[in-house]
Amino acid sequence: MTLGRFAPSPTGILHLGNLRTALASWLSARAAGGRWLIRLEDVDGPRCRRDLGEAQLRDLAALGLESDAPVTWQSECSAAYRAALGALHAAGRLYPCACTRKDLQLLASAPHAEDSLRPYPGRCRERAWEGFDRALRLRLPEGPIAWEDRLLGFQMDDPAALTGDPLLFRRDGCFAYHLAVVVDDGAQGVTEVVRGADLRPVTATQIRLQEALGLPRPAYAHLGLVAAPDGSRLGKRAGALGVEALAARRVSPAAILGWLGWSLGCLERPEPCRAGDLIASFAWNQVPAGEVRVPEAWA
Ligand code: GLU
Numbered sequence: 419m420t421l422g423r424f425a426p427s428p429t430g431i432l433h434l435g436n437l438r439t440a441l442a443s444w445l446s447a448r449a450a451g452g453r454w455l456i457r458l459e460d461v462d463g464p465r466c467r468r469d470l471g472e473a474q475l476r477d478l479a480a481l482g483l484e485s486d487a488p489v490t491w492q493s494e495c496s497a498a499y500r501a502a503l504g505a506l507h508a509a510g511r512l513y514p515c516a517c518t519r520k521d522l523q524l525l526a527s528a529p530h531a532e533d534s535l536r537p538y539p540g541r542c543r544e545r546a547w548e549g550f551d552r553a554l555r556l557r558l559p560e561g562p563i564a565w566e567d568r569l570l571g572f573q574m575d576d577p578a579a580l581t582g583d584p585l586l587f588r589r590d591g592c593f594a595y596h597l598a599v600v601v602d603d604g605a606q607g608v609t610e611v612v613r614g615a616d617l618r619p620v621t622a623t624q625i626r627l628q629e630a631l632g633l634p635r636p637a638y639a640h641l642g643l644v645a646a647p648d649g650s651r652l653g654k655r656a657g658a659l660g661v662e663a664l665a666a667r668r669v670s671p672a673a674i675l676g677w678l679g680w681s682l683g684c685l686e687r688p689e690p691c692r693a694g695d696l697i698a699s700f701a702w703n704q705v706p707a708g709e710v711r712v713p714e715a716w717a
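Dropping the structure here:
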């Protein structure tokens with residue numbers, strides 16, 4: 419049975435790009451007769467806020483996107499992440515990293531468009547084990563890895579060139595994004611990961627981590643990003659493109675769903691609708707792989 423999920427980080431509002439990902443993951447699971455979960459990825463330090471997560475859940479509910487199982491918050495799942503680190507250490511796959519705090523913050527976060535992706539050069543690879551209270555990295559095996567994307571097709575990536583050995587535990591005591599996302603997808607039995615194209619470059623690294631933990635590989639689909647009407651990045655404008663901000667400008671949830679559904683190839687034109695109206699016409703081979711642009715009137 420298909421199990422999809424939407425896994426936002428509660429660091430801001432959900433803008434049209436995030437909402438499009440949420441809807442695509444929901445439609446894909448529903449069209450396959452499967453289930454769908456929401457997971458709040460709030461392990462990534464002080465930028466994550468409970469109130470922002472609650473607001474994200476309200477916005478998703480306004481679109482009719484509700485989790486089939488109780489919503490999980492990663493900040494409440496530390497025991498599972500600790501156990502995974504224990505297993506990786508027992509297998510000789512972890513090493514302590516003494517690189518600076520600034521490097522660590524940059525490398526431990528989900529690499530969205532605003533962060534440039536820099537592979538960790540492996541400076542600490544030969545350091546001896548110093549205990550679980552250090553920053554910890556996964557020693558990646560050498561070589562490229564092939565994987566399949568529902569939208570982008572065959573992919574071949576060398577994780578060493580894209581991320582390098584990923585940070586799994588931070589010196590400040592936070593579990594890092596790569597660890598939490600892989601452990602939770604495995605523990606929850608997620609079979610399908612739908613997310614933004616900004617995360618495509620970390621997929622091979624996450625597959626390596628799944629392999630190290632003996633977890634199955636889900637199917638992947640990386641959606642094109644949502645850009646401003648002129649094709650530039652949304653940047654600060656994204657703040658005005660959430661459910662609440664659009665409602666204040668008389669754009670209803672039904673109108674948002676119509677535009678999102680149209681942008682995913684489910685409708686011939688953006689007409690107001692409910693999420694459920696889009697299920698029958700959703701198919702991955704009709705979803706455009708490239709970026710989409712916000713309507714002029716909403717930007
Ligand atoms: N939490 C990540 C984000 O906010 C997404 C992780 C994923 O979908 O794999 O972008």
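Numbering (this note's numbering), first residue to last: 419 to 717.
Glycine included, C-beta positions come from ideal geometry on N, C-alpha and C.
With contact counted as at least three CB pairs below 8 Å, one residue from each stretch, are the stretch 507–515 and the stretch 611–621 in contact? no
Can you find a heavy atom of the ligand ATP that lies under 6 Å from the Cβ of V599? In the structure on display, the ligand ATP does not appear, and the ligands it does have are the ligand GLU.
Excluding five sequence neighbours on each side, which residues of the same chain lie with their C-beta closer than 6 Å to the C-beta of A673? P690
Beta-bridge partners of Y538, as assigned by DSSP: The partner list for Y538 (beta bridge, DSSP) reads G582.
Residue closest to L554, alpha-carbon to alpha-carbon, out of A630, G571, R589 and W677: Measuring from the Cα of L554, the nearest candidate turns out to be R589.
For the alpha helix (DSSP H) that A505 lies in, which residues bound it at each end? S496 to A508
Would you check if there are 3 or more beta carbon pairs closer than 8 Å linking the stretch 569–576 to the stretch 631–646? With a cut-off of 8 Å, the stretch 631–646 and the stretch 569–576 count as touching, because enough Cβ pairs lie within range.
Check each candidate in I431, R438, E494 and S446 and name the one with the smallest Cα separation from L421. Taking only the C-alpha atoms, the option nearest L421 is S446.
Under three-state DSSP, which class holds I674? helix
Is there at least one non-hydrogen atom of the ligand GLU closer than 6 Å to the beta-carbon of E494? no
Count the other CB atoms within 10 Å of the CB of W444; is the residue buried (16 or more) or exposed (fewer)? Looking at its Cβ environment, which holds 16 or more other Cβ atoms inside 10 Å, W444 is buried.
Going along the chain, which residues of its own chain have a beta-carbon closer than 7 Å to the beta-carbon of R541, five neighbours each way excluded? C517
Proximity to D695 [Cα-Cα], best of P428, R423 and A449: A449
For the beta strand (DSSP E) that R613 lies in, which residues bound it at each end? E610 to G614
Cβ distance (whole Å) where L597 is taken to contact L586 below 8 Å: 4 Å
Quick check: the stretch 474–490 against the stretch 425–438, are there 3 or more CB pairs under 8 Å? yes
Please confirm whether Q492 and D469 have their CB atoms less than 7 Å apart. no
In this structure, how does DSSP classify E709 when only helix, strand and coil are distinguished? coil
Would Y538 and V601 qualify as a contact pair, given that the criterion is a beta-carbon distance under 7 Å? no
From the DSSP output, which residues share a beta bridge with H640? Beta-bridge pairing links H640 to R613.
Measuring only the C-alpha atoms, how far is S496 from D648? 43 Å
Roughly how many angstroms lie between the CA atoms of L652 and W547, to the nearest whole one? 43 Å
What are the boundary residues of the alpha helix (DSSP H) that I625 is part of? T621 to L631
Nearer than 6 Å: is that true of the beta carbon of S427 relative to any heavy atom of the ligand GLU? yes
Range covered by the alpha helix (DSSP H) that runs through L434: L434 to A449
Compute the Euclidean distance between the alpha carbons of S699 and G482, then round it to the nearest angstrom. 17 Å
Simplified DSSP state of G653, which is helix, strand or coil: Note: G653 maps to helix in three-state DSSP.
When every heavy atom of the ligand GLU is checked, does at least one fall within less than 6 Å of the C-beta of R613? yes
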